[in-house]
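Worksheet: the structure to be examined is printed underneath.
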Amino acid sequence: MKIREILEDSLLIVRFSVYSCRDCLNFLISELDCSKKQSKIKMAMLIANIPVRDLHVKCKEFDNPRLYRVDSLSFDFDYSLTPYVFMIDKKGHISDFFIPRKEFPDQTKKYLERIFK
């Protein structure tokens, strides 16, 4: 499956692995939960290295029905196991790539405010 195949409108993609830093991921999810409530932008989570049977558990945990198991993307950055986010439009063009860092919460808040405005 290609990301383009799940697109109806612009979509915020949240990419992480089950091996990602858990504190970093919890921080990102918390910030997303606060921000997305005030927006109509849709979001999808692409999770690497997750057993298919665990997807429904993550669906409940993250309160997000758009979860996909995608073990590899053609980004070199994908191998660092750091969560990242980006916007993708319905033509498949990527923009607003961002690496949230729990050490810099203000940057993440500003990014999400801009995306979700």
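Position one of the sequence shown corresponds to residue 1253 (my numbering), numbered consecutively onward. Heads up, the beta-carbon is just placed ideally off N, CA and C, and yes, glycines get one too.
| Query | Result |
| --- | --- |
| Following the continuous alpha helix (DSSP H) through residue 1291, name the residue where it begins and the one where it ends. | Neither: residue 1291 is in no alpha helix (DSSP H) and is coded neither H nor E. |
| Any chance the segment 1339-1349 sits against the segment 1282-1291, with 3 or more Cβ pairs inside 8 Å? | no |
| Can you give the Cα-Cα distance for residue 1302 and residue 1351, rounded to whole angstroms? | 21 Å |
| Once DSSP output is grouped into helix, strand and coil, what is the label at residue 1282? | helix |
| Where does residue 1302 fall in DSSP's three states? | coil |
| Select from 1262, 1259, 1260 and 1266 the residue whose C-alpha is nearest the C-alpha of residue 1450. | Residue 1450 lies beyond the residue range present for the chain, which begins at 1253 and ends at 1369; the question has no answer from this structure. |
| Round the Cβ separation of residue 1280 and residue 1367 to the nearest angstrom and send it over; I've been treating them as touching at under 8 Å. | In fact, because the Cβ distance is near 13 Å, the residues do not count as touching under 8 Å. |
| Can you look up residue 1263 in the DSSP assignment and give me helix, strand or coil? | strand |
| Does the beta-carbon distance from residue 1319 to residue 1333 come in below 9 Å? | no |
| Report, in whole angstroms, the separation of the C-beta atoms of residue 1361 and residue 1260, which I expect to be a contact under 8 Å. | Actually they do not touch by this definition, with Cβ atoms about 27 Å apart. |
| Could you have a look at residue 1275 and say whether DSSP puts it in helix, strand or coil? | helix |
| By the DSSP assignment, the beta strand (DSSP E) with residue 1358 in it spans what residues? | Unbroken run through residue 1358 is the alpha helix (DSSP H), 1357-1368; no beta strand (DSSP E). |
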